[in-house]
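A.B. asks:
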Amino acid sequence: MFKINDNYLKLPGSYLFSNIAKKVDAYSKAHPDKEIIRLGIGDVTQPLAPKIIETLHEAVDEMAHAETFHGYAPDLGYAFLRDTIAKNDYKDRGCDISADEIFVSDGAKCDSGNIQEIFSVDNKIAVCDPVYPVYVDTNVMAGRTGTYDPVTETWSDVIYMPCTAENNFIPEFPKEAPDLIYLCIPNNPTGTTITKSQLQEWVDYANRIGAVIIYDAAYEAYISEDDVPHSIYECEGARTCAIELRSFSKNAGFTGTRLGFTVVPKDLKAGDVSLHALWARRHGTKYNGAPYIIQKAGWACYTEEGKAQLKEQVAYYMNNAKTIKEGLKDAGFTVFGGVNAPYIWLKTPDKMTSWEFFDYLLDKANVVGTPGSGFGPSGEGYFRLTAFGSHENTLRAMERIKNL
Ligand code: PLP
């Protein structure tokens, strides 16, 4: 008789975004005349840039001829893409990362979920609180998180590193030494970052205690301040303690197209065992998760034309971020983020819980955002708005919020 992995049953309730969808759906049905503006989920809205579309068409045509047809992709991804990434994202930023340390994938969500599989179930994880829920959820499924306390909404074996206004959203070293440290910078949902010297302290700490940092830089393209690092490998010693996750979703609009990569340096070892060798055996090895056509489109992002078009797209969303941030400030809200990330994090007014504020905003302004508590216990009392909508809708949402 088969048995299930009952760790799956430990996951409380349903996923944050399905709860939101249900509430919005119920509201729309009850108020069919209301026009709802969605500034909730982290999906992009602008179409793929012209250079990417052109390259996709060319790559599709290549598949139509035996001479240019491509079957299974190479294990790590095509060299044309990995070489380009190694040069643009690493060498040009002074980071010592080579093309064969880059594993191309179908996005950072899968990699951020699957990466924990190369570590023992006995490892203790530490997460920023609040943060992208995938890190904790996938460790729950793996059986690494202990028991859930529905009152505090915490797991007994997870180390939470609160990131709140009180500590400027900068995680502090936990009292108990973790084995795996998830850092998401720029952070989803707070939109906040840390400086290079602060990140260096984390790298030194991880090397000192023998921990691995899983560094999620999915929002790297949104960094505008000079002292914020674009990669953890800008820090001395990161090659021996850090794995980096990257995505083409937010900088290039690949949320539906799917492309990302993970960097596992060859110096990252547990005794004699190289984590690079372990990750080379990951799910999807050989098929690799990202088709030739999509990898070619990823390569197009690094051409001069592609870079210029993506820069414009990021600027478009960051203009929305500015509109939201200034609009909320004018309306009297306390706001964070929105400078190095497409996320604006606000304090809920009048001591409302984040779900109370969700209902209030939906009802009074017909604007959908994301309750902070969905990202971790320290997110309670906060709320996330995203800059990924159209500019027109962003302006309209701010008008409605100002008139509340
Ligand atoms: N990492 C973070 C921090 C995210 O917020 C998201 C998506 O919202 C992802 C990864 C997922 O990226 P991808 O679309 O490449 O799977």
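Residues in the sequence shown are numbered from 23 upward in steps of one, following my numbering. Every residue gets a Cβ at the ideal spot worked out from N, C-alpha and C, and that includes glycine.
1) Measuring alpha carbon to alpha carbon, tell me which residue in G165, N189, E123 is nearest P152.
2) Among residues of its own chain, excluding the 5 on either side of T262, which ones have a beta-carbon nearer than 7 Å to its beta-carbon?
3) How many Å lie between K386 and I74 at the Cα?
4) Indicate, with yes or no, if the ligand PLP has a heavy atom lying under 8 Å from the CB of S269.
5) Looking at C-alpha atoms only, which residue of S395, L70, S50 is the closest neighbour of V173?
6) Since P393 and Y170 should fall inside the 8 Å C-beta cutoff, what is the C-beta to C-beta distance between them, to a whole number of angstroms?
7) Taking all protein chains shown into account, decide if H79 is buried (16 or more other Cβ within 10 angstroms of its Cβ) or exposed.
8) Counting only the same chain and skipping the five closest in sequence on each side, list residues whose C-beta sits under 6 Å from that of Q331.
9) Nearer than 8 Å: is that true of the beta carbon of A302 relative to any heavy atom of the ligand PLP?
10) Tell me the DSSP secondary structure of G428 in three-state form.
11) Rounded to the nearest angstrom, what separates I42 and E89 at their Cα positions?
12) Taking 8 Å as the cut-off, is the C-beta of G64 nearer than that to any heavy atom in the ligand PLP?
13) Compare the beta carbon distance of R406 and P184 with 9 Å and say whether it is the shorter of the two.
14) Give the list of continuous beta strand (DSSP E) stretches no shorter than 3 residues that lie fully inside the stretch 323 to 387.
15) Using three-state DSSP, classify F125 as helix, strand or coil.
16) So, with DSSP's three-state summary, where would you put F283?
17) Measuring CA to CA, which of E256, A130, A239, A52 is closest to D114?
18) Since I42 is in the beta strand (DSSP E), which residue starts that stretch and which ends it?
19) With a 10 Å radius around its C-beta and 16 neighbouring C-beta atoms as the bar for buried, classify M340 as buried or exposed.
20) What are the complete beta strand (DSSP E) segments, minimum 3 residues, inside the stretch 91 to 171?
21) CA-CA distance, T176 and K56?
22) So V234 and L202 are supposed to be a Cβ contact under 8 Å. How far apart are they, rounded?
23) Grouping DSSP H, G and I as helix and E and B as strand, with all else coil, what is T217?
C.D. replies: On the basis of the coordinates in this document:
1) In the sequence shown, counting from the first residue as 1, residue 152 sits at position 130. Checked all of G165, N189, E123; the closest Cα to P152 is N189.
2) The count along the sequence shown starts at 1 and reaches residue 262 at position 240. So the list reads N229, D289, L290, once near-sequence residues are dropped.
3) The sequence position of residue 386 within the sequence shown is 364, counting from 1. The sequence position of residue 74 within the sequence shown is 52, counting from 1. Across the structure, K386 and I74 are spaced so that their CA atoms are roughly 40 Å apart.
4) The count along the sequence shown starts at 1 and reaches residue 269 at position 247. Flag set: Cβ of S269 near the ligand PLP.
5) Looking up residue 173 in the sequence shown gives position 151. That would be S395, whose Cα lies nearest to the Cα of V173.
6) In the sequence shown, residue 393 corresponds to position 371, counting from 1. In the sequence shown, residue 170 corresponds to position 148, counting from 1. With a Cβ gap of about 19 Å, P393 and Y170 do not count as contacting.
7) Counting from one through the sequence shown, the residue named residue 79 turns up at place 57. Here H79 is exposed: its Cβ has fewer than 16 other Cβ atoms, across all protein chains shown, within 10 Å.
8) Taking the first residue of the sequence shown as position 1, residue 331 is located at position 309. Taken in chain order, the residues that qualify are A71, K73.
9) Counted from its first residue, the sequence shown places residue 302 at position 280. Between the ligand PLP and the CB of A302, the shortest heavy atom gap is not smaller than 8 Å.
10) Residue coverage of the chain in this structure runs from 23 to 426, which leaves residue 428 outside it and unanswerable.
11) Locating residue 42 in the sequence shown gives position 20, where the first residue counts as 1. Locating residue 89 in the sequence shown gives position 67, where the first residue counts as 1. Each residue's alpha carbon lies about 49 Å from the other.
12) Walking along the sequence shown from the start, residue 64 turns up at place 42. True, at least one ligand heavy atom lies under 8 Å from that Cβ.
13) Your numbering for residue 406 matches position 384 in the sequence shown. Your numbering for residue 184 matches position 162 in the sequence shown. No; because the gap between Cβ atoms is not below 9 Å, this pair is not in contact.
14) Within the stretch 323 to 387, the complete beta strand (DSSP E) runs of at least 3 residues are 357 to 359, 365 to 369.
15) Counted from its first residue, the sequence shown places residue 125 at position 103. It is a strand residue.
16) On the sequence shown, residue 283 is found 261 positions in, with the first residue counted as 1. In the three-state scheme derived from DSSP, where H, G and I count as helix and E and B as strand, F283 is classed as strand.
17) Taking the first residue of the sequence shown as position 1, residue 114 is located at position 92. For D114, the closest C-alpha among the options E256, A130, A239, A52 is that of E256.
18) Position 20 of the sequence shown, counted from the start, is the residue given in the question as residue 42. That residue, I42, is in no beta strand (DSSP E); its alpha helix (DSSP H) goes 38 to 52.
19) Residue numbering aside, residue 340 sits at position 318 when the sequence shown is read from its first letter. Taking a 10 Å sphere around the C-beta of M340, we find 16 or more other C-beta atoms and assign the residue as buried.
20) Look at the stretch 91 to 171 and you find these whole runs of beta strand (DSSP E), each 3 residues long or longer: 124 to 127, 147 to 151.
21) In the sequence shown, residue 176 corresponds to position 154, counting from 1. In the sequence shown, residue 56 corresponds to position 34, counting from 1. Rounded to the nearest angstrom, the two C-alpha atoms are 37 Å apart.
22) Taking the first residue of the sequence shown as position 1, residue 234 is located at position 212. Taking the first residue of the sequence shown as position 1, residue 202 is located at position 180. With a Cβ gap of about 6 Å, V234 and L202 count as contacting.
23) Within the sequence shown, numbered from 1, the residue matching residue 217 stands at position 195. Note: T217 maps to coil in three-state DSSP.
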